[in-house]
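These notes are about the structure you will find just below.
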Amino acid sequence: MNTVITIGRQFGSAGREIGEKVAEHFGIKCYDKELLTRAAKESGFCEEMIQNHDEKPTNSFLYNLVMDTYSFGYNTSSFVDMPISHKVFLAQFDTIKKIAQEESCVIVGRCADYALADRDNVVNLFIYGREEAKTQRIMERYNLSESKARDMIIKKDKQRQSYYNYYSSKKWGRADSYDLCINSSVLGVDGTVKLVIQYVEDFEKKN
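In numbering that gives the first Met the number 0, the protein residues as written are 0 to 206.
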């Protein structure tokens, strides 16, 4: 049976890097931006359009309509009238389900835990970090001043939070939305990777 590891993450917590290293250990793929490329291909949207709406919140339209459309397929009139951001979300939602069906993998962000809520072979993680460690990482990665890095973290996390809370029935970053929440600043990237590997291996033995 496939095991799928989903990773929600605060910006600057090294969640994606941790996901990549975990995937490398297990010899499986890590989907992040790759997911967008595949969703674009399979849905007929251009990749740029999908990237523009990637993990961006939207407050137009009712969440229920999205889910109704998802249940009834794309031919309903509501899908035709739906904002592009919702169509992009559905394309990603579909791609996540297909990937999880096909292979073991790590999927970073994009409400993957919610998309796969009906499957019992999924480990849902949330990676967060200490403010100073995240700020330092973002300053180095984007060559920013401390205040600009802090602003970027606040903005990105707000986007991710409102996207997740809008499309999912759970709350972003809240412990009971996930199987395991880890502060990556405590053990560092490699220590966190080790912890995740141990957790996943024990999860697989139990299943």
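Backbone N, C-alpha and C fix where the C-beta goes; we use that ideal spot for every residue, glycine too.
Straight-line gap, residue i to residue j (C-alpha atoms, nearest Å)
{"i": "glutamate 41", "j": "isoleucine 4", "result": "22 Å"}
{"i": "valine 185", "j": "glycine 18", "result": "17 Å"}
{"i": "valine 121", "j": "asparagine 1", "result": "9 Å"}
{"i": "glutamate 200", "j": "aspartate 175", "result": "21 Å"}
{"i": "arginine 149", "j": "glycine 43", "result": "37 Å"}
{"i": "glutamine 158", "j": "methionine 151", "result": "11 Å"}
{"i": "methionine 138", "j": "lysine 204", "result": "40 Å"}
{"i": "aspartate 117", "j": "serine 144", "result": "43 Å"}
{"i": "leucine 34", "j": "alanine 90", "result": "10 Å"}
{"i": "isoleucine 98", "j": "serine 146", "result": "39 Å"}
{"i": "glutamate 131", "j": "asparagine 206", "result": "38 Å"}
Neighbourhood of residue i by C-beta distance below 7 Å, restricted to the same chain and skipping five residues each side
{"i": "leucine 179", "result": "Leu124, Tyr198"}
{"i": "isoleucine 196", "result": "Val21, His24"}
{"i": "asparagine 164", "result": "Lys170, Trp171"}
{"i": "alanine 37", "result": "Strictly speaking, residue 37 in this sequence is arginine, with alanine absent from that position. These residues qualify, in order along the chain: Thr94."}
{"i": "lysine 32", "result": "none"}
C-beta neighbour in chain D for residue i, strict 8 Å
{"i": "glutamate 145", "result": "As a matter of chain content, chain D is missing from the structure shown, which is built from one protein chain."}
Distance CB(residue i)-CB(residue j) smaller than 8 Å
{"i": "valine 107", "j": "arginine 15", "result": "yes"}
{"i": "phenylalanine 10", "j": "aspartate 156", "result": "yes"}
Residue i burial status per 10 Å Cβ neighbour count (16 or more: buried)
{"i": "lysine 133", "result": "buried"}
{"i": "isoleucine 153", "result": "exposed"}
{"i": "serine 183", "result": "buried"}
{"i": "tyrosine 141", "result": "exposed"}
Nonlocal neighbours in the same chain, by C-beta distance under 6 Å from residue i, ignoring five residues either side
{"i": "phenylalanine 92", "result": "Ala114"}
{"i": "phenylalanine 202", "result": "Val122"}
{"i": "arginine 129", "result": "Ser184"}
{"i": "arginine 136", "result": "Gly11"}
Close Cβ partners of residue i (< 8 Å) along its chain, the five nearest in sequence each way excluded
{"i": "isoleucine 181", "result": "Leu124, Phe125, Ile126, Tyr127, Thr191, Leu194, Val195"}
{"i": "tyrosine 177", "result": "Gly7, Asp112, Asn123, Leu124, Phe125"}
{"i": "lysine 96", "result": "Ala114, Leu115"}
{"i": "valine 188", "result": "Ala13, Glu16, Ile17, Lys20"}
Cβ contact check for the stretch 89–105 and the stretch 19–38: 3 or more pairs under 8 Å: yes
Would you be able to state if there are at least three C-beta pairs under 8 Å between the stretch 168–176 and the stretch 83–94? no
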